[in-house]
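Engineer: Position one of the sequence shown corresponds to residue 579 (my numbering), numbered consecutively onward.
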Amino acid sequence: MAERERSLRTEGVVLRHSDWGEADRLVILFTREQGKLRAVVKGARKLHSRKAGHMEPFTRVSLMLARGRDFWIVTQAETVDAYLPLREDLVRTASAAYVVELLDRFTYEEGQNLGLYQLLVESLHRLSSVDAPQTVLRFYDLRLLDLLGFRPELYECVRCRQPIQDEDQFFSPQQGGALCPRCGRLEPGLWPLSRRALKMLRFYQRSTYAQVRSAAFSAASHAEMEGVMQAYFTYLLERTLNTPGFLRTVRRGA
579 MAERERSLRT EGVVLRHSDW GEADRLVILF TREQGKLRAV VKGARKLHSR KAGHMEPFTR
639 VSLMLARGRD FWIVTQAETV DAYLPLREDL VRTASAAYVV ELLDRFTYEE GQNLGLYQLL
699 VESLHRLSSV DAPQTVLRFY DLRLLDLLGF RPELYECVRC RQPIQDEDQF FSPQQGGALC
759 PRCGRLEPGL WPLSRRALKM LRFYQRSTYA QVRSAAFSAA SHAEMEGVMQ AYFTYLLERT
819 LNTPGFLRTV RRGA
């Protein structure tokens, strides 16, 4: 086996971890060089482990990995950015957990994806700043869908293919886009989509983060857009995400 295959220097973000064996920890990482991968941190659960503090969720780390029998082994770890504000505010913690869960559910160990890695790092940085978490998350939703090939159709009816007019519409998670009122009345189980929420979805889909950050949308439009996105994610993943409910509970408490 070649030397380059036996070791790997990489940068990544810790998505989650779990106990492994008597004293080790299995971590799920999304890395810049290899995409998603699993690695074991030997002795991470011991009291004086030097690596454990670098391998907490939402932490961006520089790593040296060695190939083990089943998983990579973390031989060196150094924190690049701990995103400390995420750990000091429960709403931001829950928002970061949402970002990480969504990426984790949609990805497999299938190699490098620089676009997804950059989106992940930028989103955690934005959540650590003064930016409104709702704005960060909705921008993340639309960009993630673009990068994964699930961009929702918002400009023409996905059933009759006529241009969408400036009026209330419907959204079909199954068909991946908006339906005009005429077609929407013919199909059960669709999500109502107000003209305000449709404008917001379109704006987020076509704009840069700097543009959406400076825009003003009502709390009702944000909530409606969030509901549409969660319905779409539930259909694509064939399961409900865990973090949106937790995030709503935290927001009410805050």
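Just so it is clear, CB atoms sit at the ideal spot from N, CA and C, and this is done for glycine as well.
1) According to DSSP, simplified to helix, strand and coil, what is residue 789?
2) When you compare only the Cα positions, how much space is there between residue 733 and residue 742?
3) According to DSSP, which residues form a beta bridge with residue 742?
4) Answer yes if the segment 751-761 comes into contact with the segment 705-714, meaning at least three C-beta pairs across the two stretches below 8 Å, and no otherwise.
5) Tell whether a beta-carbon distance below 7 Å holds between residue 782 and residue 716.
6) Can the beta-carbon of residue 610 be found less than 7 Å from the beta-carbon of residue 695?
7) Would you call residue 614 buried or exposed, if buried means 16 or more other Cβ atoms sit within 10 Å of its Cβ?
8) Would you kindly report the start and end of the unbroken alpha helix (DSSP H) that includes residue 724?
9) Pull up the DSSP beta-bridge partners for residue 757, would you.
10) Buried or exposed: residue 603, going by 16 or more other Cβ atoms within 10 Å of its Cβ?
11) Tell me which same chain residues have a C-beta within less than 8 Å of the C-beta of residue 703, skipping the five on either side of it?
12) Under DSSP, the beta strand (DSSP E) around residue 596 begins and ends at which residues?
13) From 585, 813 and 638, pick the residue whose C-alpha is nearest to that of residue 644; which is it?
14) On the DSSP letters alone, give me the boundaries of the alpha helix (DSSP H) that residue 774 sits inside.
15) DSSP three-state label for residue 766, please.
16) Does the Cβ-Cβ distance between residue 669 and residue 832 come in under 7 Å?
17) Which residues in the same chain as residue 829 place their Cβ atom closer than 7 Å to its Cβ, once the five residues preceding and following it in sequence are excluded?
18) Residue 617: which of 634, 812, 648 and 628 sits nearest, CA to CA?
19) How would you write the range of the alpha helix (DSSP H) that residue 808 sits in, first residue to last?
Structural biologist: Taking the structure as given:
1) helix
2) 5 Å
3) Per DSSP, none; premise fails for residue 742.
4) no
5) yes
6) yes
7) buried
8) 711-726
9) 748
10) buried
11) 659 and 661
12) 585-598
13) 585
14) Unbroken alpha helix (DSSP H) run through residue 774: 773-784.
15) Residue 766 falls in the coil class under three-state DSSP.
16) One thing to note: residue 669 has its Cβ within 7 Å of the Cβ of residue 832.
17) 669
18) 648
19) Residues 797-815.
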